[in-house]
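Everything below concerns the one structure shown next.
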Amino acid sequence: MEPAIARPVDRRSVTALFSRLRTAQGQADPFPYYAKLRSMGDIVPAPWGGYLVTSFDLCDRLLRSRDWLVPDARWRALQGESTRWNAASSREMSKTLPALNPPDHTRVRKATGNMFDRRALEDLRHSVAEITDDLLDRLAEHLEDGEADFNALVSEELPVITIGRWLGLPSGDHPLLRDLTHDQVFAQELLPSASQLALSDAATAQLGKYFTALVHERRARPGPDPVSAWLRVWDEIEPDREAADEAVYHITLFVLLAALETTATLLSTTVRLLLEHPDQWAWLRAHPEHVPTAVEEALRYDAPTHVISRIAGKDLTVAGVDVHADRMVHLMVGAANRDPAHHTDPDRFDVRRPRPAHLSFSGGIHYCLGAPLARLEATTLLTALLDRFPSLRLARPPQWAPRVAFRRMLTLPVAHP
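The sequence shown begins at 3 in my numbering and counts up by one.
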């Protein structure tokens with residue numbers, strides 16, 4: 003179906019919506035505001051410049067089109083020294099895989115390989131199950147006191163332990179890496195403040211030192227870990243040893259950042275949604291074979307990432323709107339996933355929804371490399387949780403970080419009578 007032609011929109015109305023999204027109410031439930039935004043059209047002028055894309059079909063089309071690029075180092079440099087795009091953290095992120103366009107993206111993606119293919123997932127499956135059981139043992143101990151924070155005890159721990167073990171990182175470093183990731187992600191937010199960018203810059207610098215040292219260590223003492231394997235691959239395609247080390251450093255940095263926060267949010271969100279719908283929790287306990295579909299529905303209903311940005315690679319026309327080359331559009335995935343033109347009754351959470359299609363892992367050449375691992379962690383955790391804690395319930399509403407693009411639950415208090 004062809005997207006609707008955009009009609010004139012009062013930018014002040016859009017500004018007001020985004021102001022409300024940053025309130026406590028907007029963080030807890032942004033979707034009424036997304037519905038208002040979607041009602042303004044498939045493509046809406048952004049108050050700060052560029053455009054917002056709200057419909058599922060149009061977001062999907064742009065994600066798959068080679069005419070739309072990611073904001074790479076060249077584009078960021080053009081924005082000027084004083085902009086958020088030239089903060090130190092932003093410049094560093096521009097060297098990682100999600101911020102590369104072809105042919106650079108093609109080269110790095112080929113060298114990185116399919117790191118979470120079927121064989122890799124089978125190797126990880128036992129480890130993820132073991133980590134999950136240990137974390138649920140700890141959750142059970144805390145629940146004996148009446149209430150526990152599922153987010154802190156389980157959701158924040160499972161991804162960092164899983165990826166930490168896979169990369170061969172000391173377990174004592176996990177808390178630091180997790181905390182630095184939370185600060186670093188501000189560089190990737192929709193409209194970060196100066197103080198948030200400062201936090202991101204500092205965290206990125208620390209992560210840079212950590213992973214540069216790690217690459218040098220694996221260069222000196224290679225092992226069976228992925229970092230050593232990436233070094234071997236890059237040594238075959240890059241004669242400059244220093245350039246090879248830098249390439250592996252950026253891959254390792256990207257893998258950590260991509261693996262932690264969004265997966266933690268997925269885990270907490272899936273559990274929260276099921277506990278808010280006890281009838282579906284009960285049904286899923288009786289039909290555990292539908293756990294993978296429940297995870298997909300959670301991804302559709304409330305994605306970890308609500309905004310994906312793209313740049314016009316040339317002058318283009320989108321739903322009747324002329325978008326000039328190098329102009330940015332923000333794909334409002336959180337709104338698109340609930341587009342009534344694509345999903346029946348989209349505001350209803352339904353683990354029995356037959357095809358909960360979503361854009362939560364992006365699309366096209368930038369489809370999330372870690373999606374298989376995130377799904378493995380979520381299905382493993384949910385299956386074990388339904389079995390071990392049949393009467394789990396929400397103790398109080400969760401608290402949220404003040405963000406728009408990257409959802410993050412700060413607490414998820416649960417109880418088990």
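Here a beta-carbon is modelled for each residue, glycine too, at the ideal position from N, C-alpha and C.
Since this is a predicted model, take the numbers as computed values, not measurements.
Simplified DSSP state of residue i, which is helix, strand or coil
i	result
M95	helix
D175	helix
Q401	strand
L378	helix
R410	coil
T319	strand
A307	In the sequence on display, residue 307 carries Thr and not Ala. In the structure shown, T307 sits in a strand (DSSP, three-state: E or B).
W50	coil
H418	coil
F242	Residue identity differs from the one stated: residue 242 is Asp in this sequence, not Phe. Note: D242 maps to coil in three-state DSSP.
V72	coil
H368	helix
V325	strand
R24	coil
R312	strand
L396	strand
A6	Confidence is the limiting factor: at A6 the pLDDT is only 46, short of 50, which leaves the residue's position unreliable and the question unanswerable from this model.
V353	coil
H252	helix
H292	helix
H107	helix
H332	strand
D12	coil
Contact under 8 Å by Cβ, residue i with residue j
i	j	result
T134	L286	no
V309	A407	yes
W402	A18	no
T264	P294	no
T1	N153	Past the boundaries of the shown model lies residue 1; the chain is included only from 3 to 419, so the question cannot be answered.
D358	E299	The residue asked about is misnamed: residue 358 is Pro in this sequence, not Asp. Going by C-beta atoms, P358 is nearer than 8 Å to E299.
Q282	V353	yes
L126	A337	no
D74	A101	yes
A205	L182	yes
S197	T164	no
M411	T271	yes
W77	G315	no
L199	S364	no
E191	R405	yes
H144	L155	yes
L216	Q186	no
L99	I253	yes
G322	L65	no
Y35	R24	no
L277	R409	no
L255	A246	no
L318	S362	no
Inter-residue CB distance, residue i and residue j (contact presumed, cutoff 8 Å)
i	j	result
H326	G52	So it is not a contact: roughly 10 Å between Cβ atoms.
R390	L138	6 Å
A249	V72	With 8 Å as the limit, A249 and V72 do not qualify as a contact, their Cβ atoms being about 18 Å apart.
N339	F20	In fact, because the Cβ distance is near 18 Å, the residues do not count as touching under 8 Å.
S311	M330	6 Å
I239	A113	6 Å
D347	F33	Not confirmed; about 13 Å, so no contact.
R180	L262	6 Å
CB contact check: residue i to chain D, cutoff 8 Å
i	result
N116	Absent here is chain D; the protein component of the structure consists of one chain.
When the options are compared against residue i, the one with the closest alpha-carbon
i	options	result
L193	E219, A417, A89, W283	A89
P226	R302, R167, V416, F363	R167
Y369	I45, G210, E379, A260	A260
A296	R355, R410, G372	R355
F118	P49, G372, A48	G372
T214	E94, N116, I163, L262	E94
D341	D62, E238, R22	D62
R68	P241, T114, P104, L269	P104
R13	A26, P34, W50	W50
V416	L99, L141, P241, A122	L141
T85	S195, L169, L178	S195
L80	I367, G366, D328	D328
K211	R234, L233, L178	L178
A397	L318, V273, A288	V273
V46	E219, G28, V16	V16
H344	E379, D136, D317, Y303	Y303
P374	A26, R121, L276	R121
H279	L258, P241, F351, A231	F351
A207	Y251, E244, L171	Y251
P400	L275, G170, T385	L275
Check: Can you list the alpha helix (DSSP H) stretches of 4 or more residues lying completely in the segment 117-197, in chain order?
Finding: 120-145, 159-169, 176-186
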